[in-house]
Amino acid sequence: MVKISSICLLAAFILYTLATIIFTVAVTGKKFRNKSGENAGKWIGRFGFIVTIIGFIAQMGYFFARWSAEGHVPVSNLFEYTTFFSMMMVFAFMIIYIIYRNNGVGVLTLPIAVVIIAYASVFPHEVEPLIPALQSNWLKVHVTTVALGEGILSLSAATGLVYLLRVVDQSKPSKKTFWLEFVMYSITVMIAFVIISFSFQAAHYNEKFKWINEKGNEAVLVYHMPAIAGPYEGEKISGGFGPLFPSPSWMNGVEAPRKFNTVIWSLLGGVVLYWIIRLILRQRISAALQKILKGVNPPLMDEISYRSVAIGFPIFTLGGLVFAAIWAQQAWTRFWGWDPKEVWALITFLFYAAYLHFRLSRGWHGEKSAWLSVIGFVIIMFNLVFVNLVIAGLHSYA
């Protein structure tokens, strides 16, 4: 069943990539018309949606096959949660497409889902039994509800980003173009992380360090990438490269130095990849995307972005705060603590509450609303990536 689940996930990855290409053609190929004179983008978009549905069915096959193999809902590690998060994002997109029949939403939503699946695939995905702390029915309720809420909120960010790419003046550099490019760079960081991780995994690269962990015990830490940042006061016992400098002393969790090193590699790799793309395009990435998105209707993107938050926010609140507090009381005999994940769940809640306040009370529509939705996605991804990779806590995935 594990092999079947892997095949299904790969099929979903390929089909989502194909659907991305089809939706891009549907948006940019508006000059092409069929024999009756109908805009070809409509039927091309329908074909892209059919491909997306098949991909979603394949990903559902992965989910249930892995569930059957493990005996529990597959959301217990970073690989499983991230793939489920991408599935919920695609699910939200499908609902929105059925309602609005708009091809522009798929141009950025699906490639983001593809990048998230690729990101997830870098992490260990062996089938393992649940640790005692996770052997609860609340795992199904809490984690799946959070993933669904974040998936819908991420759709808001995708449509908000489409809006900004469509309306921001790219004829001259400005603060808006700078921050749009920063978003593009952030996406290239994730892609670079995937490329770098797969490359070193294929080469079976490793370096070993002897160090003293947070419990004061001597341990061996294995790096699977060249050590730019080694463990604090660590002693290298094998491998060829580095480290160039030590990790901060407070990064003494079980794998914190290694994760910190991975973040550095990703940021540097993102810089290289970003400028390679810039050299190929000979313009800002956001400027190139604006040309692709000329046929997109900005007010419609604004409406979809707002409705996604209106739906996703209460779902996230229910899963990320209410269900989480109930489970925390059962597991740790307290409703709330200041664990990093709990703090960032609260930050996410407060941010989207502020979004709805500004939207409904202050009349923040259009650009202001779109920027907020993109910032919200940055918060979600920071929680998913940085908090899990660097900051140690009770909720941190292995």
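The numbering used here puts the first residue of the sequence shown at 869, with every later residue one more than the last. Each residue gets a CB set at the ideal place from its N, CA and C atoms; glycine is no exception. This one's a predicted model, so the numbers in the text were calculated from it and none came from an experiment.
Query, Result
"Neighbourhood of Lys-1078 by C-beta, 7 Å cutoff - its chain only, sequence neighbours within 5 removed", "Glu-1086, Val-1088, Gly-1102, Glu-1103, Ile-1105"
"Residue from Ala-960, Val-1057, Ser-1154 with nearest C-alpha to Pro-1041", "Ser-1154"
"Inter-residue Cα distance where the pair is His-940 and Leu-878", "21 Å"
"Identity of the residue in Gly-1187, Glu-1235, Phe-1184 nearest Asp-1037 by Cα", "Glu-1235"
"For Trp-1079, three-class secondary structure by DSSP", "strand"
"Burial state of Thr-1201, where buried means 16 or more other Cβ atoms lie within 10 Å", "exposed"
"Identity of the residues DSSP links to Leu-1089 by a beta bridge", "Phe-1077"
"Integer Cβ distance of Val-1062 from Val-895, believed to fall under 8 Å", "Actually they are not in contact, since the Cβ atoms of Val-1062 and Val-895 sit about 25 Å apart, beyond 8 Å."
"Extent of the continuous beta strand (DSSP E) run through Lys-1008", "Careful: Lys-1008 lies outside any beta strand (DSSP E) and carries neither H nor E."
"Range of the contiguous beta strand (DSSP E) that encloses Lys-1104", "1103 to 1106"
"Where Gly-1098 sits in the DSSP three-state scheme", "strand"
"DSSP state of Phe-1203 mapped onto helix, strand, coil", "coil"
"Residue from Ser-1237, Val-990, Tyr-1174 with nearest C-alpha to Ala-1070", "Val-990"
"Thr-977 and Phe-953 closer than 8 Å at C-beta", "no"
"The segment 965 to 977 in contact with the segment 1130 to 1150 per 3-pair CB rule at 8 Å", "no"
"Residues that Pro-979 bridges to, as DSSP identifies them", "Per DSSP, none; premise fails for Pro-979."
"Classification of Gly-1205 by the beta-carbon crowding that lies within 10 angstroms, buried from 16 upward", "exposed"
"Spatial distance of Arg-934 from Lys-871 (CA atoms)", "9 Å"
"Under the three-state DSSP convention, the category Pro-997 falls into", "coil"
"Run of the alpha helix (DSSP H) containing Trp-1133, from where it starts to where it stops", "1124 to 1149"
"Where Asp-1170 falls, given that 16 or more other Cβ within 10 Å makes a residue buried", "buried"
"Same chain, Cβ closer than 6 Å to Ala-1015, five either side skipped, listed in chain order", "Phe-952, Phe-953, Met-956"
"Start and end residues, alpha helix (DSSP H) containing Val-1253", "Premise fails: Val-1253 is in no alpha helix (DSSP H) and is neither H nor E."
"Residue of Gly-1187, Ser-1229, Ser-1237 minimising C-alpha distance to Phe-1217", "Gly-1187"
"Straight-line gap, Glu-938 to Arg-1034 (C-alpha atoms, nearest Å)", "45 Å"
"Proximity below 8 Å, CB of Asn-1129 to CB of Ala-1095", "yes"
"Residues near Val-1057 by beta carbon distance below 7 Å, same chain, minus five either side", "Ser-1134, Leu-1135, Gly-1138"
"Cβ-based neighbour list, Pro-1111, same chain, cut-off 7 Å, excluding 5 preceding and 5 following", "Ala-1095, Ile-1096, Ala-1097, Gly-1098"
"Residues near Phe-917 in its chain [Cβ-Cβ closer than 6 Å; skip 5 each side]", "Tyr-965"
"Beta-carbon proximity of Phe-1245 to Ser-1004, cut-off 8 Å", "no"
"8 Å Cβ shell around Phe-1109 - same chain, five flanking residues per side excluded", "Glu-1075, Pro-1094, Ala-1095"
"Same chain, Cβ closer than 7 Å to Tyr-1174, neighbours up to 5 away in sequence not counted", "Arg-1227, Ser-1237"
"Local Cβ density within 10 Å of Glu-996, reported as buried at 16 or more and exposed below that", "exposed"
"Status (buried if at least 16 other CB within 10 Å, exposed otherwise) for Gly-1019", "buried"
"Euclidean distance between Cα positions of Pro-1114 and Tyr-1100", "5 Å"
"Val-893 beta carbon less than 8 Å from that of Ile-912", "yes"
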